[in-house]
Structure formats: structure tokens, C-alpha cells
Amino acid sequence: MFLSFLLQNSLLALLLGTRLVLAIPNFNPQILADTNRDGIINHFDAANKEIWTSNRGAIFLPNIGDQQHRCPNIDLVKQPLSNFELASCNDASGDRLLTPEHAAPLKTLPLANISHDAIGSINTTPKSTFGRVRIFWQSHGSSDWSLVDPQITFNATSLAAGLTLAIDGRELVTDTSIWDGLVNITFSVTDGNVTASDTVVIKQAPVLIHHHLQAPEVVLSTDGTVTTSIWQTGFINSMQNTLDGLDQDLSFVLFNETDDIWAQDFLEPGYASMPGPNGPISIRVLLRSAQLGRTAGRQVFSLLRGPGVGGFQPGLGSGFGHEEINSGGNIETIPPYTSRAGVEYKSGRVITGKHFENYPAESMIKFLEAQGVQKPLVLEVGWLAVGHVDEVVQFVPYDNELGFTIAIVDTISAFHLLENAWKDGHGDAKVISYDGDMTPDNETIFIDPEVLNLTIKDLLNDKDFIAVNSYAQSFINDTIDLLLEEVPLSKSDILRVPTLWKDVTYPWPITPDGHPPRLNRAPPGERQLKSFFPQSINGLVLGRDYLTPKPWGPVIDGRDILEEAVKDVYARANMTAWLIDDYMSHHVRGGEVHCGTNTLREKDVAWWE
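Residues -23 to -1, 1 to 586 in mature numbering (1 follows the signal peptide of the UniProt record, and there is no 0) are what the sequence shown spells out, letter by letter.
Okay, here's the thing in C-alpha cells:
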């Protein structure tokens, strides 16, 4: 800064033919942030404070919760707010610091050798930070915080004492071409005709998507009393009874504003955190699915937004309707690992699925990429009727160096199970043992009472069925290969969950209002499949407890052989499988336990370490 000052004045002197007389400042402004990320500000933060890297540099939060529940859901005439009006309110949308605990500290060092006429100012660059961050000042001896506008100046008394400041974010980083979260904060002091300044760099914390190694705290689902399904209440009761029996203290929160039972699909939970003096300070950030026509997603704001909980509303231009490719079930996370190529994913890596030539909404993909930490890995799931990655793969705790392994659907082990049963003389056993009520309703689009009449022998003699599952296994094998190219696991560590598929390829109708259809048609030559049995991999991972759909497999000598096989698979990971009957509540509607639930997990995570 001083060198630039010297060069400018030297050039001016040469042009004017005058003698150069420099006014050298005898004061040294210094502004500090928690550059070394230890939760406090001191002299250790001074070095390289103007440079931000993944290993060093101060961090601040997007302060988008609703501490005082002041954000409305309706307007003055009792009409629902638009999606963007609903999402626009948060603790940082005004000019008051409602939650100082979620603002990152800044301070300037006391200045000596300044006159009573000295003034100071605080400014941020680049221009993209304007309106996206807030800086506050707490005057000496006061508990109040005042917004620092670029035009505000500080007098000599305040400069001599040192300024206590704080910064927070008004919004999330959604597109790095607009703003990447970096803020240069410059502290300038002018005394007479001399100005000196100092800069510190700070960056907004990324929004991170949870993974299954993080401890669960809250389980979410949809209240059965608000749905048209007569089966949802039974599902909720079964979930509650199972949760009550676990050796975990978990809250069970129910959505109650729409009849959408797919709690996994209209939001994706995440979090953001920064260093604090007593450990990480964090907020929850819940991503509404990029399905703006899906009313249930508004509950991110109307029901869950609150103290330390905010939401993300995807932008316009993509994800307008209710396309299944944009559901939250199509977003999962690999736990932390270092790839075979040497890329470290300290917070894990997001996976999502494409449907052949169709990709998830640009608004969501750009958002995930903009966080810069969990770059999405894309799998092929277009061979599925619904088409979510949570129908194919999951990541579970495991006693190996990584601390996790891959669980994936597998037709081969399922066929072996049935073939062995036939060899043992049980070919006439019913392949599906479900014997409950199968009264359909408007949402049971995959109900098929005929499957209850099939025997093991019937299924194994069905060449079309075998061909369908061979088709499925080819995609499953490709998925395994892709994941193992990325994640340093051996094939022997993979948990192969016995699963069979049926062909439900259908010319899904075009929506009459021009909105994108919920389910798209299969491309020529391709199929769309759905699980034949309730799909065991589509369950809820709660540490070493696993809530999985009851598979209703063949019962031989009083034992469900598929159920036992599934339990054995998860026992390899020292997990206990707890069975939830979702046959009518979810299975015949296109999903399972995982699709109908969600989790909020531990968020006080030091992702920067």
C-alpha cells in the first residue's frame, strides 16, 4: 500500500517539476479476523490474513435463520406469499443484528499517534459483496450493534480504543460467477492529508450436505392425519414405536401442511459452520427441492425455519414443476474420503443421478458446485421409473480404514436365494408373503395384486423377468465400477443387498398445463424399473440402527428368507435392521422408508480441519 502511495506521488512530482515531499503515516491501521480458525482473534491471525485458502482464512456464516419467528407465511390479506417472498425473510434480511452469536468477529487494533481529527472507515470489495454481507460495530461499553454503512466514519476516540466488529451473510452463495463468498474488508484511516489502510479476507461458509456418519438428531416424516392415504398413520405409528425402542434420543417431527408423504424428496438437509471459541458455531440450511410447483417444499420455510434454521429456495429457470429427477432422494452424500486420484473430500461428496440425457435442475447443480467442497458425482439412474440414487446405493458405517462402505442393490444374490429355496423343495412357496389389505387409492399407481399369486418357481421360469433383472444388473455393475474408480474400497467390502426388479415402463402422459411431467418416458430401447419386493436398501441409516422396509419375501419353515438375508447383509456392518411395514403406505406408491422420511444430523462440524 505504501509503495503504491510512493510511486503515485513520485510520478506527480516529476510531471509538475516539483520537489517530492512525502507525508509518511506514523500510524498503522490493522484489522483482524479469525484467520487461523481457532475461534478467537489475536496476534496469531495477522500473518497472511489477506490470503484465503482451504487451510487458512477467516470464515463467516450466512445468517439466514429466524430467531424470533418474525418471518410471515401469508400477506396482509391472509394470502400465501409467493415462493420467493416466503424465502426472502431471515435474520439478516433487515439491518439489525438479531443473532450476534451467528456473526463472525472482526476487530481493529487500538491506534496511537493520531490526532483528534482522524477518521476511519470500513469497506468491502468486490462489488458483488454489496447487499450480500453486513458488517456491524459495537461501540465501547455497549451491548448494541450498529450497521456499518460504507459512508459511516469512526472518530479518533473510537479508533484509539479499537473497533469491535462482526460480519454475517444475507444470502447463500448460489453461483460463483455472481459471487464466490469471498469478502475483502478494508479498514482505512485518514489523518490530515495522510491515509493508510489494511485489509483482511474472509469467506462465507459453504453449505454442506449431511452424510450417514454424522449422528442423527431429528427424524422427519408426514403426519398421517393430513394425507389422503389411509396407510400413512400406521406407517407413522410403526416409525414412532421403532424410534422409541432405539438406544438413541431422537426427535420425531411431522410435516402437516400438505398431503405429500415423500419427506425425503421435497427437501435436502444441510448445514454451515464456522470456528468459535468453544468449538464450531453452525446453522442448519435446508434445501428446498428444485420443484417449485411442489407445495410441500414450502414447509422448509413455513414449518422448519426458525432459530438457527434457514432455507434455500432454488431460482427460476429450471426445476419449475415436479419432475422426480429433482427430488431430494436423488441427492445423497459419500462420507469423507480421499479419492483414488488424490482429491480430498473432507466433508464427503454429493452424488446425484441423471436420466440418460436429462440432468437435475441447473439451479440445484450450480448451487452444490458453488459451495466448492462436495462437487457432485453423477450416476445413471434413468433405468428406474422414479429415478433416484437412494433406490440404488447408500453409504453405511463400517469397520475399515475409511469408516464406511458402499451398500448397493444386487439381483444376483436375490436370485441365488430363490434358486436355493427351489432346490430345497420350496419352489411352490409364494414369492411375496404380504397378506394384508390391498385396497387401492389414487396414489397406489404401482399396485399389482397379481404378484401375490406368484411362486418362486413362477418367477424363476419367467424369462422376461430374468431379462429385466439382467438389464438392471448391467447398470448396477456400471455404478459399482464408477464408485470404485472414485472411492478407495475393495469389492469385497461392498454390501450387496438382495433386490429384484419389475418392468413398469409406461408412456407417462404429458401434463395438460405445460408443466414438466413428474415421470418422464423412457428413451427408445430403454426400460423403467421398480423394485419387485419392498426395497431393503431404501431405509433410514441412524448410526448402527437401520430402519428398513419389511421385504415380505418367501416364508419357508416360518422364516422370511429374504428378510433374514437382508439382516445378515447389514450385520456385516454391525448394524441392526429394524423392519417397517411400508407395503401399502409407500411401496405401491413408488418409494419406501427412506423416501418417506428424512433426518437432521449433527451440524457442529469443523469442516475446515
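Just so it is clear, CB atoms sit at the ideal spot from N, CA and C, and this is done for glycine as well.
Across which residues does DSSP place N335 in a beta bridge pair? In DSSP, N335 forms a bridge with H332.
From L197, N214, Q351, V358, pick the residue whose C-alpha is nearest to that of P500; which is it? Taking the Cα of P500 as reference, the smallest distance to any Cα among L197, N214, Q351, V358 is reached at V358.
Sort S228, N446, H93 by Cα distance to V196 and report the nearest one. When the alpha-carbon of V196 is set against those of S228, N446, H93, the nearest one is in S228.
With distance defined between alpha-carbon atoms, name the residue in K434, P291, V408 nearest to F61. When each option's Cα is compared against that of F61, the closest is P291.
Measure the alpha-carbon distance for T329 versus L354 and round it to whole angstroms. Cα to Cα, the separation comes out at about 6 angstroms.
Checking the sheet assignment: what are the DSSP bridge partners for W114? Answer by DSSP bridge pairing, in chain order: S123, L142.
Please state the DSSP three-state secondary structure of T576. In this structure, T576 counts as strand in the three-state DSSP scheme.
Is DSSP giving L269 helix, strand or coil here? The three-state reading of DSSP puts L269 in coil, since its state is none of H, G, I, E or B.
How many angstroms separate the CA atom of H79 from the CA atom of T421? If I take the Cα positions, the gap works out to 45 angstroms.
Using 10 angstroms around the beta-carbon of V177, count the other beta-carbons present and answer buried if the total reaches 16, otherwise exposed. Residue environment for V177: buried (at least 16 other C-beta atoms within 10 angstroms of its C-beta).
Tell me whether T12 is buried or exposed, calling it buried when 16 or more other Cβ atoms sit within 10 Å of its Cβ. Here T12 is buried, its C-beta having at least 16 other C-beta atoms within 10 Å.
Which class does G305 belong to by DSSP, given the choice of helix, strand or coil? DSSP, read as helix, strand or coil, puts G305 in helix.
Among S279, L517, W114, V370, the one whose alpha carbon lies nearest that of D52: For the set S279, L517, W114, V370, the Cα lying nearest the Cα of D52 is the one of S279.
In the DSSP assignment, find the unbroken alpha helix (DSSP H) run with L61 in it and report its ends. It is Phe, not Leu, that sits at residue 61 in the sequence shown. Looking at the DSSP string, the run of the alpha helix (DSSP H) that includes F61 is 60 to 65.
Is Q512 buried or exposed, if buried means 16 or more other CB atoms sit within 10 Å of its CB? Here Q512 is buried: its Cβ has 16 or more other Cβ atoms, across all protein chains shown, within 10 Å.
Considering only residues of the same chain and omitting the five flanking positions on each side of Q44, which have a CB-CB separation below 7 angstroms? Scanning its chain for C-beta atoms nearer than 7 angstroms, with the 5 sequence neighbours on each side dropped, one finds around Q44 the residues D68, L75, T76, P284, in chain order.
For the alpha helix (DSSP H) containing Q225, name the first residue and the last one. Unbroken run through Q225: none, as it is neither H nor E.
DSSP beta-bridge partners for W399? Answer is none; W399 lacks a bridge partner.
Would you call the region 215 to 223 in contact with the region 185 to 195, where contact means no fewer than 3 C-beta pairs closer than 8 angstroms? Touching, no.
Among N575, T476, P475, which has the Cα closest to the Cα of L524? Out of N575, T476, P475, N575 has the C-alpha closest to the C-alpha of L524.
Taking 7 angstroms as the cut-off, is the C-beta of S119 nearer than that to any heavy atom in the ligand ADP? The ligand ADP is not part of the structure shown, which contains no ligands of any sort.
G274, DSSP secondary structure in three states: Note: G274 maps to helix in three-state DSSP.
Between F131, F113, W29, which has its C-alpha nearest I91's C-alpha? From the listed residues F131, F113, W29, the smallest Cα separation to I91 is found for F131.
If you check the beta carbons only, do V54 and T106 fall under 8 angstroms apart? In this structure, the beta-carbon distance from V54 to T106 does not fall below 8 angstroms.
Using a Cβ-Cβ cut-off of 7 angstroms (strictly less than) and excluding sequence neighbours within five positions of V(-3), which residues of its own chain qualify? Bear in mind that the predicted position of V(-3) carries a pLDDT of just 45, short of 50, making it unreliable; the figure below should be weighed with that in mind. Within its own chain, no residue has a Cβ closer than 7 angstroms to the Cβ of V(-3) once the five positions on either side in sequence are excluded.
Which runs of the alpha helix (DSSP H), 4 residues or longer, sit entirely within the region 350 to 408? Listed in chain order, the complete alpha helix (DSSP H) runs (minimum 4 residues) inside the region 350 to 408 are 388 to 398.
Span separating the alpha-carbon of D418 from that of S206: Rounded to the nearest angstrom, the two C-alpha atoms are 7 angstroms apart.
Identify, in the order they occur along the chain, each residue of the same chain with its Cβ nearer than 8 angstroms to the Cβ of G270, setting aside the five sequence neighbours on each side. Result list for G270: F297, G298, H299, H492, in chain order.
Less than 8 angstroms separating the beta-carbons of V546 and P528? Contact: no.
What does the Cβ neighbour count give for R317, buried or exposed, with the cut at 16 atoms within 10 Å? Classification of R317: exposed, given that the 10 Å Cβ count is below 16.
Secondary structure, alpha helix (DSSP H): runs of 4+ residues fully inside the region 151 to 226: Counting only runs of at least 4 residues, the region 151 to 226 fully encloses the following alpha helix (DSSP H) elements, listed from N- to C-terminal order: 209 to 221.
Just to confirm my understanding: we take A362, look at its own chain, exclude 5 residues before and 5 after, and list those with CB closer than 6 angstroms. What are they? These residues qualify, in order along the chain: V481, Q505, K507.
Among G573, S98, K580, whose alpha-carbon lies nearest the alpha-carbon of residue 603? No statement about residue 603 is possible, as the shown extent of the chain runs from -23 to 586 and does not include it.
Touching by the beta-carbon criterion (3+ pairs, under 8 angstroms), the region 9 to 29 and the region 549 to 567: Taking a cut-off of 8 angstroms for Cβ pairs, the region 9 to 29 and the region 549 to 567 do not touch, as fewer than three such pairs fall below it.
Tell me the DSSP secondary structure of T525 in three-state form. Looking at T525 - three-state DSSP - the assignment turns out to be strand.
Secondary structure at F232, three-state DSSP: helix, strand or coil? Strand.
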